[in-house]
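Residue numbers (the UniProt record's numbering): 1 to 283.
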């Protein structure tokens with residue numbers, strides 16, 4: 001009858017082989033003064049590469065994934081699953097295992113021969129990993145500096161003036177309910193701690209209907225009314241708020257021909273009738 005062995009049984013058999021090999025060939029090179037938790041040693045002793053055992057005399061080529069899974073806290077059975085048995089006649093008892101590995105560093109076409117030493121604590125868990133030369137530390141194990149936080153998105157808001165005012169009107173009493181709700185939201189945003197030290201610029205725009213002077217004056221009045229609402233009703237510090245009327249400059253509407261019926265043209269030009277709020281650091 002055929003007998004099947006679980007991975008755990010196979011690991012135990014491998015450990016038995018290690019113990020037998022160590023008994024025949026010695027316990028291997030031992031570093032001096034290994035800390036109880038395996039975090040360091042007073043003197044690291046590295047075996048000569050040519051002293052690797054017959055099964056590993058040419059070294060191995062571990063995958064970046066297996067190296068990336070190495071970390072303090074693994075037990076020896078887990079290390080065996082990732083790297084196989086140590087390469088320098090160490091048995092199961094010694095508190096250090098040495099490996100001879102070949103790594104391809106990022107951007108390099110050739111492999112670099114490196115030595116990896118694992119120090120174990122008295123509890124049998126990996127306490128630290130050491131590389132020779134130090135530059136062999138794989139990118140998968142390099143401790144990356146924390147990424148800087150992404151820059152905050154610049155504050156910018158746009159609201160269609162048709163939501164705020166009926167066509168051609170501009171006074172505080174003309175503000176529509178939905179427009180007031182939008183301005184209340186903007187005011188709450190402008191009072192947020194991250195914006196409290198910034199200067200707010202409010203720009204009001206008109207469409208091209210009517211004369212240039214009239215449109216400029218209308219946009220200035222609307223900008224002033226909105227600024228007054230934000231400061232009086234929204235609690236925004238007036239010293240931070242600068243309002244300006246832009247007239248019919250910077251239109252954003254498209255395909256609005258003067259040949260269109262007037263009602264249709266007014267609707268087409270609605271995107272041009274807008275107010276914008278932007279925040280910038282105080283110079």
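Every residue gets a Cβ at the ideal spot worked out from N, C-alpha and C, and that includes glycine.
Rounded to the nearest angstrom, the Cβ distance from residue 242 to residue 216 is 17 angstroms, too far for a contact under 8 angstroms. The beta carbon of residue 39 lies closer than 7 angstroms to those of 127, 128 in the same chain, with the five residues before and after it left out. When secondary structure is reduced to three states using DSSP, residue 105 falls in the coil class, being assigned neither helix nor strand. Following the DSSP letters along the chain, one finds residue 281 inside the beta strand (DSSP E) bounded by residues 274–281.
Secondary structure of residue 48 (DSSP, three-state): coil. Annotation for residue 197: no alpha helix (DSSP H) segment contains it, and DSSP assigns it neither H nor E. According to the DSSP assignment, residue 157 belongs to the beta strand (DSSP E) that extends over 156–160. Here the alpha carbons of residue 281 and residue 193 stand approximately 13 angstroms from one another. In this structure, residue 36 lies near residue 122, with their beta-carbon atoms less than 8 angstroms apart. If you check the CB distance, residue 272 and residue 207 come in under 8 angstroms. Here DSSP, grouped into helix, strand and coil, assigns residue 268 to helix.
Three or more pairs of CB atoms, one per stretch, sit closer than 8 angstroms, so the region 220–237 contacts the region 169–189. Short of 7 angstroms from the beta carbon of residue 63, and not among the five residues preceding or following it, lies no beta carbon of its own chain.
When beta bridges are read from the DSSP output, residue 34 appears opposite 41. In this structure residue 88 is not in contact with residue 154, their Cβ atoms being roughly 59 angstroms apart against a cut-off of 8 angstroms. The closest CA to that of residue 65, considering only 104, 86, 59, is found on 104. Contact between residue 184 and residue 234 is confirmed by a C-beta separation of about 6 angstroms, below the 8 angstroms threshold. With respect to residue 265, residue 226 sits apart: the two C-beta atoms are not nearer than 8 angstroms. Note that the C-beta distance between residue 90 and residue 117 is not below 8 angstroms. Secondary structure of residue 134 (DSSP, three-state): helix. Counting along the chain, residue 243 sits inside the beta strand (DSSP E) bounded by residues 241–245. Across the set 61, 212, 210, 157, the C-alpha of 61 shows the shortest separation from the C-alpha of residue 110. For residue 119, the enclosing beta strand (DSSP E) has its first and last residue at 112–120. In this structure, the alpha-carbon of residue 191 lies about 54 angstroms from that of residue 75. In this structure, the alpha-carbon of residue 210 lies about 45 angstroms from that of residue 150.
For residue 42, the number of other beta carbons within 10 angstroms of its own is below 16, and it is reported as exposed. Here the alpha carbon of residue 237 sits roughly 23 angstroms from the alpha carbon of residue 161. Spanning the alpha carbons of residue 119 and residue 131 requires a straight line of approximately 11 angstroms.
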